[in-house]
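If you read the sequence shown in UniProt numbering, its first letter stands for residue 1, the second for the next number, and so on.
All C-beta atoms in this analysis are idealised placements derived from N, C-alpha and C, irrespective of residue type, glycine included.
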Amino acid sequence: MKRLGLLFLLVVILALCWYLFMKPFDYLVRFETRGNAGTINQTLKTWNTTQENAAITAQQDLYEIVQQLPAGDTQHEYHWKITPESDTTSLVQVYVTGADSSFKDRAAILFSDTQFEKETRKRVTDFARYLNDHLDKFRVRITGITELPATFSACTQLETSQIGKAFGMMKNYPLLSEVMAADSVPLNGRPYVELQQWNRKKDSISFKFCYPIMQTDSLPLHQEIHYTERPGIRAIKAVYNGNYLTSDRAWYALLNYAKKNGLETTGLPIEVFFNNPNMGGNELEWTAEIYLPLKSEND
């Protein structure tokens, strides 16, 4: 009995030593939420821009982000870890460390609800509300594998951030429409974006913004416009409703669907747009069809 008591005491002392001196973080907050890792990752980065003097300092992949947030005259490190629980839900864990945390600070957390803990919970709760608000503003529905028809198009070439894609489209929309209209070139479908590169660590993309047109012998020449023929493509299709600024939420849903079903894809989505954002209106009524091409034998 005495040995058991001594063993228990030793375990308690070791646990206290680990907590007070070796534990790699000061406080942990966790919550479950709707949304896949990609959506949470991108929403966290947007929320970061709303926080004064905040900065994303590291990203290992979609599932881990390190953020610095101010706390008075110092900085706190928030290490966000996202763990998928299903196709539509995730567990978010936030490991928080104070820049000048001490033995005294960690001991205080054991016996009271400190200002550090209150501020941490408030910030994480603020993000969780921000995320839920965003999730209510769009919808994604995957319909399965389909064929995207071949088309001939007039295109412009752009390089932007993911969030900058819609602004690039809005800038080039008048250019394409005015040049085609000036020469009475008949349109032959809805405008679309075709990704050519996607750097998921830097959130940067290279893409073509295109108008499908009827191919004729005399097409207008313009230094910013080129013509291309896109072959028919087998792809996984999703229907997205919401602001086109965040249509990339469908990209992550398609990638998850492909992974779950063992499908090899190019990883470069094609978006077909059914509404003109310049006309405004209820964003949940804006529609885009998002296609994730399957790899062919030639890829």
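Have a look at residue i and residue j and give me their C-alpha separation to the nearest angstrom.
i	j	result
Ile233	Thr266	11 Å
Tyr130	Ala55	17 Å
Thr120	Asp73	16 Å
Val239	Asp248	12 Å
Leu245	Ala166	5 Å
Tyr27	Arg123	13 Å
Glu178	Ser296	36 Å
His79	Trp251	25 Å
Leu263	Asp87	16 Å
Phe256	Val94	Just to set this straight, residue 256 is Asn in the shown sequence, not Phe. Asn256 and Val94: Cα-Cα distance of roughly 23 Å.
Ser218	Thr228	14 Å
Val92	Glu32	6 Å
residue 382	Gln60	Limits of the chain in this structure are 1 at one end and 299 at the other, which puts residue 382 out of reach.
Asn275	Tyr173	12 Å
Ala235	Lys259	14 Å
Ala71	Ile65	19 Å
Lys118	Lys171	44 Å
Gln51	Met279	31 Å
Thr46	Glu77	17 Å
Arg34	Asp136	10 Å
Asn282	Thr114	44 Å
residue 300	Lys202	Lying outside 1 to 299, the shown extent of the chain, residue 300 is not represented and no answer is given.
Gly168	Thr49	20 Å
Asn53	Asn36	27 Å
Of the residues the options, which one's Cα is nearest the Cα of residue i?
i	options	result
Thr89	His76, Gly38, Thr57	Gly38
Leu148	Lys237, Pro70, Ile163	Lys237
Ala253	Lys45, Thr143, Asn132	Thr143
Tyr291	Ser204, Asn241, Ile145	Ile145
Gln75	Gln60, Val92, Thr97	Thr97
residue 313	Thr50, Gln68, Trp47, Gln51	Residue 313 cannot be examined here, being either before or after the span of the chain that is shown, 1 to 299.
Glu85	Tyr63, Tyr95, Glu77	Tyr63
Pro220	Ala181, Ala235, Phe31	Ala181
Asn261	Pro231, Asn282, Leu294	Leu294
Lys81	Arg30, Thr125, Glu117	Arg30
Arg230	Asn199, Phe152, Met170	Phe152
Trp198	Leu158, Met170, Phe127, Asp183	Leu158
Phe127	Thr43, Gly281, Lys202, Asn282	Thr43
His222	Asp183, Asn53, Phe116	Asp183
Would you please state the rounded distance, in angstroms, between the beta carbons of residue i and residue j? I believe it to be under 8 Å.
i	j	result
Tyr192	Val272	4 Å
Phe138	Asn243	7 Å
Pro277	Leu195	Between Leu195 and Pro277 the Cβ distance is about 19 Å, and since that is not below 8 Å, they are no contact.
Ala150	Leu176	The Cβ separation is near 19 Å, so there is no contact.
Thr156	Ile225	6 Å
Item checked: Start-end ranges of the beta strand (DSSP E) lying completely within the stretch 206-242, minimum 3 residues -> The stretch 206-242 contains these whole beta strand (DSSP E) runs: 226-230, 233-242.
Report yes or no: do the stretch 159-173 and the stretch 282-290 share at least 3 C-beta pairs separated by less than 8 Å? The stretch 159-173 is not in contact with the stretch 282-290.
Report task. Would you check if the stretch 132-143 and the stretch 198-216 touch, i.e. whether three or more CB-CB distances between them fall below 8 Å? Result -> With a cut-off of 8 Å, the stretch 132-143 and the stretch 198-216 do not count as touching, because too few Cβ pairs lie within range.
inquiry  = When you compare the stretch 213-220 with the stretch 172-192, are there three or more beta-carbon pairs, one atom per stretch, that lie closer than 8 Å?
reply    = yes
Length-filtered (3 minimum) beta strand (DSSP E) runs lying within the stretch 115-184: 138-148, 151-161
ask   = For the stretch 18-106, which segments carrying the beta strand (DSSP E) assignment without a break, of at least 3 residues, lie completely within its bounds, in sequence order?
value = 27-34, 55-61, 64-71, 74-84, 89-98
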